[in-house]
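Reviewing the structure listed below.
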Amino acid sequence: MAAMEDFLTDYPQGKEQKRYVDGELPHLPFADGEFDIAVCSHLLFLYSEQFSADFHVVSIQELCRIASEVRIFPLLELGAKTSRHLQAVTDNLSAMGYSVTVDPVPYEFQRGGNQMMKIRASNLPLTAGVRAASRREWRVARSKAPFAIGMTGED
Ligand SMILES: C[S@@+](CC[C@H](N)C(=O)[O-])C[C@H]1O[C@@H](n2cnc3c(N)ncnc32)[C@H](O)[C@@H]1O
Numbered sequence: 003m004a005a006m007e008d009f010l011t012d013y014p015q016g017k018e019q020k021r022y023v024d025g026e027l028p029h030l031p032f033a034d035g036e037f038d039i040a041v042c043s044h045l046l047f048l049y050s051e052q053f054s055a056d057f058h059v060v061s062i063q064e065l066c067r068i069a070s071e072v073r074i075f076p077l078l079e080l081g082a083k084t085s086r087h088l089q090a091v092t093d094n095l096s097a098m099g100y101s102v103t104v105d106p107v108p109y110e111f112q113r114g115g116n117q118m119m120k121i122r123a124s125n126l127p128l129t130a131g132v133r134a135a136s137r138r139e140w141r142v143a144r145s146k147a148p149f150a151i152g153m154t155g156e157d
């Protein structure tokens with residue numbers, strides 16, 4: 003709740019200062035390597051029924067294009083079950099040479115949702131492009147280094 007209040011307090015000024023930018027996975031309007039960290043909260047894995055494993059992989063590739071490290075939380079899908087795509091996405095990214103780790107975190111919004119995935123692609127060539135998928139809006143928050151990116155948009 004504190005984080006939400008911080009966001010709501012910051013949002014009017016942040017929008018004015020263009021620190022909140024609209025975007026939509028799997029394409030984001032940022033340059034290669036623009037951020038140190040990209041944080042994706044309650045979208046990837048949570049909507050596993052709506053988004054395919056392939057969408058997850060290309061979206062994570064896109065996040066890795068713009069940030070040195072990508073963090074995704076939680077790894078549950080709706081219904082508080084482990085995402086049906088978790089294994090396939092992990093396997094695919096690992097096979098492509100990404101470093102993928104899953105760590106426990108002290109924050110647990112959904113019961114059992116206390117794991118975060120970290121993906122790094124530091125030794126990979128940059129992604130050339132990703133396929134289009136969802137047309138929904140992604141609002142990202144941009145701050146000074148270390149950069150944070152998080153979805154704050156409304157449907
Ligand atoms: C459950 S909300 C999570 C909001 C916030 N990140 C949080 O953790 O409280 C999911 C968000 O994902 C956004 N969204 C849906 N499809 C998207 C896409 N293709 N790319 C980026 N964001 C999307 C929705 O607009 C919505 O704001």
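Note that this note's numbering has the sequence shown beginning at 3, numbered continuously upward. Using N, Cα and C, we set each Cβ at its ideal position, and we do this for glycine too.
Cβ-based burial, E26 [other Cβ within 10 Å; buried from 16]:
buried
Ordered list of beta strand (DSSP E) runs contained in the region 60–125, each at least 3 residues
69–75, 101–106, 117–122
Which of helix, strand or coil DSSP assigns to Y22:
strand
Would D38 and A5 qualify as a contact pair, given that the criterion is a beta-carbon distance under 8 Å?
no
Under 8 Å by Cβ, that's how I've got I121 and L95 pegged, so tell me the actual separation to the nearest angstrom.
6 Å
Determine the burial state of G115: buried for a count of at least 16 other Cβ atoms within 10 Å of its Cβ, exposed for fewer.
buried
Span of the beta strand (DSSP E) holding S50?
Note, S50: premise wrong, no beta strand (DSSP E); not H, not E.
When H29, L88, K17 are compared against A55, the one with the closest alpha-carbon
L88
Given this structure, state the Cα-to-Cα distance separating F32 from Q63, to the nearest angstrom.
13 Å
For A40, the first and last residue of its enclosing beta strand (DSSP E)
37–43
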